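In the numbering used here, the protein residues as written are 9 to 195. Virtual Cβ for every residue (Gly too), placed ideally from N, Cα, C. All of these numbers come straight from a predicted model, not from anything done at the bench. Comments concern the structure below.
Here it is, written out as structure tokens:
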């Protein structure tokens, strides 16, 4: 009998893989760290080209404009406790993830698929992304000042950005943890 470690060393996986090549199988969402370390522009999916053609292209994210190369540097730079930078990293990753998903993605990002678990149950991931974007746009993000609190005034209401950041992080790591059915074939 093989132990789990031995089976892993032999390349024997445990779990239920997505059916490779099927319509349901697609690219999994990725973390900010993945996007920082994978500057691909040639692949038809899972790449930065959804934001522009190359590393010198400018992209504006909620009032801050940088080249793709500068955005990748931002993703690996320490946040030093800056809540806006923390949110910005997760927000950029979800923008890349959503733009790399297929347009018809029932159960995950289309057809009104809603989050089932957590603070944003009943919302779509696009709605949560938009709320996080509003938080980011009203934070110290675009001024370059350090955002020391998760609370930001958005439309006259104080909004706690930490649960928004946590929902983005959950989607980027494992959409299933939010109850979303996002089949993928590259994990």
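In three-state terms, what does DSSP make of residue i?
i           : result
residue 100 : helix
residue 179 : helix
residue 113 : coil
residue 122 : coil
residue 90  : coil
residue 174 : helix
Can you tell me where the beta strand (DSSP E) holding residue i begins and where it ends?
i           : result
residue 188 : Taken as a continuous stretch (DSSP letters only), residue 188 belongs to no beta strand (DSSP E), as it is neither H nor E.
residue 66  : 66 to 69
Near residue i, what residues of its chain come up, given a Cβ to Cβ distance below 6 angstroms and the 5 sequence neighbours on each side ignored?
i          : result
residue 65 : 76
residue 59 : 67
Between the options, which has its C-alpha nearest residue i's C-alpha?
i           : options            : result
residue 8   : 186, 41, 42        : With the chain running from 9 to 195 in the structure shown, residue 8 is simply not present.
residue 55  : 107, 122, 165      : 107
residue 113 : 97, 99, 132, 98    : 132
residue 96  : 177, 189, 191, 190 : 177
Starting from residue i, follow the alpha helix (DSSP H) in both directions and report where the run begins and ends.
i          : result
residue 42 : 40 to 45
Can you find the residues in the same chain that come closer than 7 angstroms, C-beta to C-beta, to residue i, ignoring five residues on each side of it along the sequence?
i           : result
residue 168 : 158, 159
residue 171 : 127
Closer than 8 angstroms by C-beta to residue i: which residues in its own chain qualify, once you throw out the five before and the five after it? Chain order, please.
i          : result
residue 87 : 93, 94, 97
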